[in-house]
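These notes concern the structure reproduced below.
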Amino acid sequence: MQVAPKCVPGPLAKGNAGAVDMSWQGLLAYGCHSAVVVVHPDSLEVVQSLDAVSDEPVSLLRWSSEPLSDSFDQPYYLKLAAVDALGAITVWNVADGLPMVRCPPARPLVDLLWLPAGHLLAIETSGRLVLYNTEAGTRVWAYGLPEPMNAAGLDPFHDTVLLLTAASGWVYCVTDWTLELPPASVVRKYRISDAAPAPADPLDRSMSDVEPGAVPQPASGSSRIAKFSSFINRLGSSGSPPSSSPLSSSPPLAGGVASRKDPHLAMPAQLAMNRRSRSLSPRTVASASAAAAATRVEPQGGGKLVDVVYSLSTPSIVYFVLQWEILLFDLVLEQALCAIQLDRKRYAPLTRIYVLRNDPSLLYALHADGLVVCRSTPPNAFEYSVVWASSALRKSSVSGGPLGHVYGAAMAPLSPQRMALVTSLGAVAILDLISPHNASPRLALTGTHEGLTRKLSVLAVAPDGLTAAVGSGDGLVQLVHLGSGEVERTWAVFDTAVMGLAWASSSCLVAYTRDGTPSWADPTKLVSSSGSAEFANALVALNIASGRALPLRTTVTGDAAPITSLAVAASGKLIALAFARPLHETLEIWDMKSDSLLRAVSGHGPIRALAWSPPNYDVSLTTLSAAESTLLAQAASNALVEQLVFATDAHILLRYTVVAGAVHPGASIALDVTEPVTALAWSSTLIVAGTLHGSVHVLDLAHNMLHESASLHGPVTSLAFAHPASPNWARLLVGFDGGGFGVWDALARVALNHSSRTSGLRLLASALSWAGENPVVLSLDGMLRVLDPTLSRASAHMSQRATTATTLSLISPLTLPHHVALSLKARLQHGLQPPELVAPPHISLVECNSDRIRSARDSLRASEANLPARLRAELLAASGPAQRALAAASFFGDQDGVEFWTVVEHYVQKAKQAQSGAEHAPRSQEAPAAYDLITSSASPPPSLPLEDSRHGGSLAATDSASAPSSASKASELLPLSAHHDLLQEREAVVDRDSRLLAMHTHKRGDHEFTLTKVHAHIQLGEYPAAVRMLLETPVDHPAYMVDSLKACLVSAVMSPHSFVSTVKLVATDLVSNGHVTEGVQLLCLIGKRADACRYMQSYGLWREAAWLAKIGLDEAAAAVVFSAWAEHLADAGDVDAAIGVLISLMDWHSALQLLYNRKAYSRAALLARTCVAEGLLVADGDPAATHPRGSAGRSLLPLRPLLEAIYLEYGMFLYHIGAMELAESYLLRAGPTGEHMLECLVQSIIRGP
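Just so you know, the sequence shown maps onto residues 1 to 1249 in UniProt numbering.
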């Protein structure tokens, strides 16, 4: 079996800290020195290794999450961006193991962000932003900020809003940039201020906008802080916890009570900000007065800022992560919502936090010692409390034990119940959320992948070329399967370093250690560690099956010199040992089976190299002495004959022949060399000697000729021939002093390749060997590499990997050829059962036996055979096409597809409930599934990991509606997650926005911000809160009279005695004069929200009108507003958003029409099948009577022709990708036109090209 090129990872470099990421397909990538290692979390196998193109360690990794399109012209790629310590960016095609684009180094990077259309935004530590187009391989623009940055965060709801933090305490907000143009000349900046500014600078609020190249001036006095403090006032000792209710009034200051007119006195630390944009609307927040600050207790502070993280579920919420504190900040409110302060005596510093898209109540925190802490908050408050803490790696991390220190972590995007940790020793630990007996759920260590150990220096590859043994300076011996790259066994053999390894057979390994440090250049220089005259050498035979180490040379109690080299004969029965003894025996030949010394050779000076004859060697090719001839004549015909050659300082090769346990010296071979021989190798009729001055001498025994070649790469330290049975048996690996190596052709006596000339990476080796046709290199960075014969690659296509697992599963469908991946996706979307409709044989595509169809069918069957069992079970349990399409999208890691089919499945279930008359009772979003499990008072039943799903939880997506269980009750409608925004149910939107509004109302600031909250209260129908806020306007405020009149009007509406017609007339007049907001408020007061929506739409406020309709109108009235919005979105070109709106309206006909118009035939066909299967579209072509709505004002094709057109186009698509059975089924659904097309296709295949 040929071993594919790969890297077997070992310990990490310090520069690899943080270089960890997990893809939507569930693959874990981490940096190991200058290479990238890709691990499958389920099998914990190394499925790919991407060898570096430079010597610098990988410091940052980011998987691409681009949408996967069903297009022939846009093949699927597993793309990964890797950044080295100098800032060079390499975009890899992970499946092929080849770099796609390389951006030259500029400066080290803080972060790297993938943007649409293959763009990468690089944030350099110097503060410069650089945008690259990886598709074109060009730099688009660059923009500089005035100081170095240490963290960055991109708003997931607005991908042009970027927050960057500096160690000085400044937070920069960059908003006005596009994929074509850099930011404008002015950006906004915030300041995280100290709790107690000096009297000379009592207000840290005067912050000018940043001009390019300008450097912010530090504040005077104690405002020049070097640390960040909490947003929440903490009184008493430094270890006291934060306030238990951040939404309650702030505690009074020591020495006074905070005034209602100056709310900033109750906030000891804040952001001082400048207003520049209405999108985030930052406002200047004043610090406390000097007098109050003088009496305030100084907080301890949270340490330096390490990260900034946006909430993935709620817009405008940001987490500032400090070493011992997490600050939750609302950019709209411009105030802190919560501060989680950590006890420094209990917790190590924070390194990163993880927030979830599907469950905003949970927060995962990773500490520097490997501790993972989960905190939760009730839905109606920001009061985080610890739910559980997983310390699976904590002890070993602190002590640098078996797994090492945590260097990075990643969470599966589709499965927040799974986390992967990578340690300094190269170990990968998988943590899964489990529910044990009578205990709270917690993350438990469910699997580890350990790499190579530290201080590796020796290497030996087994005769089969599939297994390698490596020895370390700690006395460990590890067994590595070169096919899979897995470390199969580890043995502690010696207390001192393993100095040599050799295979005696496929099941026996010989290893030795020594006392003393002889120099290979001058073995006569001996140093004993104990200073005595004797040296402690140890030689063992290690049984691979049992792991038992059998001591050899047991009759020897002490040596006068250490062992310098070991060689095992081809038969595996004899061992030759060389010693650094200039005046004593320098060579011993031992019989392994009897552990007996056959001969000790002396009088030749120090032996620098030795080699045994190759297997089945014809001894007649060498000149034999008389004693040897006599010995061979007397020996039996089947007697084993072995020959040993070794080099001495006399520049000659001495030979000994071993026959049936008898050892006799042979004729010497003179070498025409003037320098000492330092390495020997023997294969077939060639003996190669390497010298101290770097020359390589080839002795051809068959022709008795000696040839010399100069290497010019320094002294030769090792030689290794390829396997004797290999066609290229004369290929020779030559190792040089300093770690360089090359491949030579011993027959042609020429150098073929050298490690310094084949790539940008200067690879240095400590040991060399062969695995079939490929060199195996133990490099100085601690990694074991299987290289291709050109020494240029240590990676191959992922399909060439071998596995140690009992069953081979498909790593990722994105590794398949594009047409096979499309066919597999179509097959998964329709289930694994045969199509329902089968054509007659004379017009059947399936019956055609062309080479193309046969090849496509075989490829598809091979892919189906390797599908994970969990995916098969999910597809069988799916109740309809939508659930199958959701499972397929999850398996492919298609984020866009998961979101689409999640929404479809939700509203399909809602429509079915409406048809069956079941009561619509969606589960409250105040208790998502994961939060229910964690906070349940009852003891949950024991289980395996909750979502131990393959490919990042692809088959059990954590969105509560992503993969509904087939056993769940039909009447229970699971809610959509918060990140679906207005596509959620009305109850969920109202609940979410009511909670945020209550928080904003409690923490509001100036009058302008208060008016925005009054507007929201009126739209939500919360009139008492609006009246209370309006009456709080000060008498001396210019808007006092207007607010008072508005409050009176609101109060009148609260009773039945309202003047509806007058209010409507006033509202209409306000709207006609451009005061839309005020007019909408009045219309909402009198219950005319439908009119308000129409007015807002007429002024282009489409989304605001949709929001008002969603939370304020019944379904029928809201449908009119949403239909108009959908038509507007479609006319504006945002067809995807329009389709989502139509699906939320359950207007399946219009959604199908738009999908057909944008040529999304795959989604259109599957949606049509879903609707027909669920009875949402009746058979005669008319919409189901439960919901006869269509998009307003938009002409639609009749349903039956539309369905037939969709089926026809999709059937042709399936035909082109080779899915013949499915193509035939859909063409038969396409009516007479489809049948005619099917017949034409069959005839064209029969006629041939």
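No residue lacks a Cβ here, since even glycine has one placed at the ideal position from N, Cα and C. Note that this is a predicted model, so its numbers are computed, not measured.
P1232: member of the alpha helix (DSSP H) spanning G1231 to R1247, first to last residue. Annotation for L1108: the continuous alpha helix (DSSP H) segment containing it runs W1102 to G1112. From the listed residues S859, L1166 and E874, the smallest Cα separation to V908 is found for L1166. Between the region 498–509 and the region 481–489 there are fewer than three C-beta pairs closer than 8 Å, too few to call the two in contact.
By the Cβ-count criterion, C1240 is exposed, with fewer than 16 other Cβ atoms from all chains shown falling within 10 Å of its own Cβ. Between V458 and T467, the CB-CB gap reaches or exceeds 8 Å.
Contact between A796 and P5 is confirmed by a C-beta separation of about 5 Å, below the 8 Å threshold. Between N1073 and A988, the alpha-carbon positions lie close to 35 Å from each other.
Going by C-alpha positions, V820 is about 38 Å away from V110. Going by beta carbons, D21 and A35 fall outside the 8 Å limit. Judged by beta-carbon spacing, T134 lies beyond the 8 Å limit of M149, meaning their Cβ atoms are not closer than that value. Taking all protein chains shown into account, N358 has 16 or more neighbouring C-beta atoms within 10 Å of its C-beta and is therefore buried. Counting other Cβ atoms within 10 Å of its Cβ, Q48 reaches 16 or more and is therefore classed as buried.
Taking C-beta atoms as the reference points, G738 and G772 fail to come closer than 8 Å.
DSSP, reduced to helix, strand and coil, places V1121 within a helical segment of the structure shown. C-alpha of L366 to C-alpha of I353: approximately 6 Å in a straight line. With a cutoff of 8 Å on beta-carbon distance, A746 and A767 are scored as not near each other.
Rounded to whole angstroms, the separation of the alpha carbons of D672 and A429 is 57 Å. Between the alpha carbons of A1039 and W1107 lies a distance of about 28 Å. Taking V101 as reference, the option from S71, M419 and N93 with the minimal CA-CA separation is N93. In this structure, DSSP gives Q913 a helical state, which the three-state scheme calls helix. Annotation for S684: P614, Y617, P724, W729 and A730 place their beta carbon closer than 8 Å to its own, counting only its chain and skipping 5 residues before and after.
Collapsing the DSSP output to three states places C374 in a strand.
Under DSSP, the beta-bridge partners assigned to G735 are S718 and F741. For F891, no beta strand (DSSP E) run applies; the uninterrupted alpha helix (DSSP H) run containing it begins and ends at P881 to F892, by DSSP.
Contact fails between the region 882–890 and the region 848–863, because fewer than three Cβ pairs, one in each stretch, are under 8 Å apart. Closest option to C848, judged by alpha-carbon separation, among A410, T160, G1218 and L333: G1218. Here DSSP, grouped into helix, strand and coil, assigns G690 to strand. V510 is bridged by DSSP to A502 and A541. Shown here, S769 sits in a strand according to DSSP, grouped into three states.
Taking a contact as a CB-CB distance under 8 Å, the pair V1014 and A1026 counts as one, their CB atoms being some 5 Å apart. By the criterion of a C-beta distance shorter than 7 Å, Q323 is surrounded in its chain by G302, G303, K304, V306, P349 and L350, once the five residues flanking it on both sides are discounted. Taken through DSSP and simplified to helix, strand or coil, L98 comes out as strand. Of A1223, V161, P775 and A469, the smallest CA-CA separation from T790 is found for P775.
Counting every other CB atom within 10 Å of its CB across the protein chains shown gives I1246 a total below 16, marking it as exposed. Rounded to the nearest angstrom, the gap between the Cα atoms of D42 and M411 is 14 Å.
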